[in-house]
Amino acid sequence: DMKPSAFIKKIPGADRKRRGNPEADLQRVVVSTLRQVLPKGFVVHHSANEVRRGGEGGRVAQGIAQGMGVHPGFSDLLVLGSGRCLFLELKSKTGRLSDAQVEFREFVVREGHAWALVRSLDDALKALSDNHFPTRIKGG
Numbered sequence: 657d658m659k660p661s662a663f664i665k666k667i668p669g670a671d672r673k674r675r676g677n678p679e680a681d682l683q684r685v686v687v688s689t690l691r692q693v694l695p696k697g698f699v700v701h702h703s704a705n706e707v708r709r710g711g712e713g714g715r716v717a718q719g720i721a722q723g724m725g726v727h728p729g730f731s732d733l734l735v736l737g738s739g740r741c742l743f744l745e746l747k748s749k750t751g752r753l754s755d756a757q758v759e760f761r762e763f764v765v766r767e768g769h770a771w772a773l774v775r776s777l778d779d780a781l782k783a784l785s786d787n788h789f790p791t792r793i794k795g796g
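Read in order, the letters of the sequence shown correspond to residues 657 to 796 in the numbering used here.
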């Protein structure tokens with residue numbers, strides 16, 4: 657077991673920030689941390705679910721992605737292990753869920769799975785605890 661302060665400072669890239677994309681900054685820290693605190697063999701997965709290009713090229717790329725199985729509103733991260741499944745939607749402090757994300761959250765919860773809105777690393781760690789995911793954090 658380790659205390660959060662014992663590993664957070666050691667996360668590669670945790671101190672790097674990309675200007676103008678707070679959700680991407682948060683996601684890098686959350687993924688790195690979860691991979692360290694979850695037991696060996698657990699999966700933390702990001703499904704590249706949107707195309708950030710504009711114009712006709714972006715529309716074509718989004719159409720291709722949907723044909724390949726992209727689902728509108730799918731959460732940013734999926735955590736799997738010990739028979740549990742947790743969907744994490746990462747947002748900046750002021751970010752709002754899209755209609756598709758609200759619909760996806762409602763579907764996930766209705767199907768009996770866990771879903772959490774994450775605006776900070778503490779939110780992500782709390783979601784693990786609230787949903788009974790074992791961690792290597794003391795008291796977690």
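Using N, Cα and C, we set each Cβ at its ideal position, and we do this for glycine too.
In the structure shown, the three-state DSSP call for residue 745 is strand.
In the structure shown, residue 792 falls within a coil segment according to DSSP collapsed to helix, strand and coil. As a beta-bridge residue in DSSP terms, residue 736 pairs with 699 and 741.
A contact is defined here as three or more CB-CB pairs under 8 Å, and the segment 782-792 fails this definition with respect to the segment 747-767. For residue 747, same chain residues with a beta-carbon under 6 Å away, outside a window of 5 residues either side, are 775 in chain order. Looking at the DSSP output, residue 686 sits in no beta bridge, so it has no partner there.
One alpha carbon belongs to residue 694, the other to residue 687, and they sit about 11 Å apart. The beta carbon of residue 764 is closer than 7 Å to those of 743 and 771 in its chain, skipping five residues each way along the sequence. Nearest neighbour of residue 731 by Cα position, chosen from 698, 690, 692 and 773, turns out to be 773.
In the DSSP assignment, residue 780 falls within the unbroken alpha helix (DSSP H) covering 777-786.
Sequence-distant partners of residue 691 (beyond 5 residues in either direction) whose C-beta falls short of 7 Å from its own C-beta, in its chain, are 700. Following the DSSP letters along the chain, one finds residue 704 in no alpha helix (DSSP H), marked with neither H nor E. By the neighbour-count criterion, in which a residue is buried when 16 or more other Cβ atoms sit within 10 angstroms of its Cβ, residue 729 is buried. Non-local beta-carbon contacts of residue 790 in its own chain, meaning distances under 6 Å to residues more than five positions away in sequence, involve 695 in chain order.
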